[in-house]
Amino acid sequence: MIVLGMMSGTSADGIEAVLVEFTAVQEQSAPQWKLLKHSSIPFEPALRQEILACVRADTGTVDRICALNFNLGETYADAAWQTLRAAGLEAAQVDLIGNHGQTVWHIPKHSTLQIGSPAVIAERTGITTISNFRARDVAAGGHGAPMVAFFDVLFFTHPTINRACQNIGGIANVTYLPANAPHNSFAFDSGPGNMLIDDSVKRATNGALEFDADGLIAARGRVDEILLAELLMHPFLKQAPPKTTGREMFGAPYGEQMWHFAEARRVAPEAVVATMTMFTAQSIADSYRAFLPDMPAEVIVSGGGAKNPTLLKMLAAQLPAGTRVTTIDAFGIPPASKEALAFAVLAYETWRGRVSNVPAATGARHPVIQGDITPGRNWKSAH
32 MIVLGMMSGT SADGIEAVLV EFTAVQEQSA PQWKLLKHSS IPFEPALRQE ILACVRADTG
92 TVDRICALNF NLGETYADAA WQTLRAAGLE AAQVDLIGNH GQTVWHIPKH STLQIGSPAV
152 IAERTGITTI SNFRARDVAA GGHGAPMVAF FDVLFFTHPT INRACQNIGG IANVTYLPAN
212 APHNSFAFDS GPGNMLIDDS VKRATNGALE FDADGLIAAR GRVDEILLAE LLMHPFLKQA
272 PPKTTGREMF GAPYGEQMWH FAEARRVAPE AVVATMTMFT AQSIADSYRA FLPDMPAEVI
332 VSGGGAKNPT LLKMLAAQLP AGTRVTTIDA FGIPPASKEA LAFAVLAYET WRGRVSNVPA
392 ATGARHPVIQ GDITPGRNWK SAH
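Letter 8 of the sequence shown, counting from 1, is numbered 39 in the numbering used here, and no numbers are missing.
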């Protein structure tokens, strides 16, 4: 079975798409998989600005969200076609699309909304589309996140060492994988990932730059300890798992508040970027010390943060000596592709009729089969 997985995260910078070929082994065993293609498709600037407007309570009006739902559906469908062409495949060769969609708003343990109409995707591609993965977990009393925990437990549990799979996207989330004990794994959002770093870069450069490429700005700056201490007082960091967060808590309004705090103290722009980078690193390490039963021997980093050497260096410095900090590409997986790959796996599991949430990670009352199925023209032939 070939599945196309797609993900666009809280950074709202574009779509990661993967084509994955799955081979079933035994009914209750993890499938074998092969990554056929990975594509990164950036959002057009106007679309990105519309997304960022719609994820704010003061500008996300119902008419804008309604229109964006269908516009994103068209964009996801285009991304699917681009990925198919790059792989040299026809739509008829793909069995399923698994699409996360774009999170507009998330109220932990109450409700969640991801948009990007699956009806449009299925209509434009002809491929049966599975979407809205988080809602069933929320309906079962969970946070609906982190979703990648299932993928981590399935493929990264080690027989002899404790691991942490640390994704650093807009938000940072960790899956703790105790050695040879997948049933004891759990996951949670530790706090901001790249979100506040990106926000400070845009403010520091008057919008000329969207992110800190290779961590060069942070490397030039000096961490401001007073600003860092203020950031580390955020109440979310002390909240015990299971927990999730997003732009509702660490988005532009909070970034603006902290920028003004720094300005009042005459903190240099590069120092603000450096401090936001350290905030991400330290909040991750602090969450390990506070909430993990044992410190991991190995930390496997994925997401956009895996491309930031300054952030990785800061993270390693915050962890005990001897902790191995590596990136997921050491395992043959491009760092930016992991979440798209995870949603391809989730779509595959849904189609097989198998549960795919991790209640220890999300807080759900019980395991559930996740996702809504929108039939495509291949509905009867999907296998």
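Quick reminder that beta carbons are idealized off the backbone N, C-alpha and C, glycines included. The structure presented is a predicted model; accordingly, all values stated were derived computationally and were not measured.
Euclidean distance between Cα positions of residue i and residue j
| i | j | result |
| --- | --- | --- |
| Ile199 | Ala373 | 15 Å |
| Phe74 | Ser412 | 32 Å |
| Ile152 | Asp126 | 14 Å |
| Ala218 | Thr393 | 7 Å |
| Pro366 | Val179 | 13 Å |
| Ile96 | Gly157 | 25 Å |
| Gly222 | Cys196 | 15 Å |
| Thr275 | Gly246 | 26 Å |
| Trp64 | Arg296 | 52 Å |
| Leu262 | Val56 | 48 Å |
| Gly286 | Gly238 | 14 Å |
| Val49 | Ile257 | 42 Å |
| Lys269 | Leu67 | 41 Å |
| Arg1 | Val399 | Missing from the structure shown is residue 1; the chain here goes from 32 to 414 and no further. |
| Ile202 | Glu154 | 32 Å |
| His131 | Phe181 | 15 Å |
| Ala176 | Val135 | 14 Å |
| Ser39 | Glu370 | 9 Å |
| Gly173 | Glu380 | 19 Å |
| Arg408 | Gln133 | 24 Å |
| Arg87 | Phe53 | 38 Å |
| Pro272 | Gly119 | 43 Å |
| Ala299 | Gly252 | 8 Å |
| Gln113 | Pro266 | 42 Å |
| Pro190 | Ile359 | 18 Å |
| Ala43 | Ile72 | 11 Å |
| Val34 | Val376 | 8 Å |
DSSP-derived helix/strand/coil call for residue i
| i | result |
| --- | --- |
| Arg194 | strand |
| Glu154 | helix |
| Trp410 | coil |
| Ile96 | helix |
| Thr19 | Given that the chain is displayed from residue 32 to residue 414, the structure contains no residue 19 and the question cannot be resolved. |
| Met37 | strand |
| His137 | strand |
| Pro12 | What the structure shows of the chain is the stretch from 32 to 414, and residue 12 is not part of that stretch, so it cannot be assessed. |
| Ala48 | strand |
| Phe53 | strand |
| Pro62 | coil |
| Asp109 | helix |
| Ala373 | helix |
| Gln145 | strand |
| Ala392 | helix |
| Pro73 | strand |
| Val86 | coil |
| Asp183 | helix |
| Ala43 | coil |
| Asn163 | coil |
| Gly102 | First, the residue type needs correcting, since residue 102 is Asn and not Gly in the sequence shown. Helix. |
| Ala348 | helix |
| Val386 | coil |
| Val169 | helix |
| Leu343 | helix |
| Thr206 | strand |
| Thr405 | strand |
| Leu127 | strand |
| Leu120 | coil |
Where residue i falls, given that 16 or more other Cβ within 10 Å makes a residue buried
| i | result |
| --- | --- |
| Thr357 | exposed |
| Ser142 | exposed |
| Ile161 | buried |
| Glu47 | buried |
| Gln124 | exposed |
| Gln145 | buried |
| Gln288 | exposed |
| Asp94 | exposed |
| Gln401 | buried |
| Asn211 | exposed |
| Arg29 | There is simply no residue 29 to check, as the chain begins at 32 and stops at 414 in what is shown. |
| Pro149 | buried |
| Trp382 | buried |
| Pro76 | exposed |
Distance cut-off 7 Å: residue i Cβ against heavy atoms of the ligand SAM
| i | result |
| --- | --- |
| Leu263 | In the structure shown, the ligand SAM is absent, as is every other ligand, since no ligand is present at all. |
Whole beta strand (DSSP E) elements within the stretch 266-337, 3-residue minimum: 329-333
The stretch 98-110 / the stretch 378-394 touching (three or more Cβ pairs under 8 Å): no
Given 8 Å, three or more beta-carbon pairs between the stretch 320-329 and the stretch 204-219: yes
Within the stretch 208-275, ranges of the beta strand (DSSP E) (whole runs, at least 3 residues): 217-223
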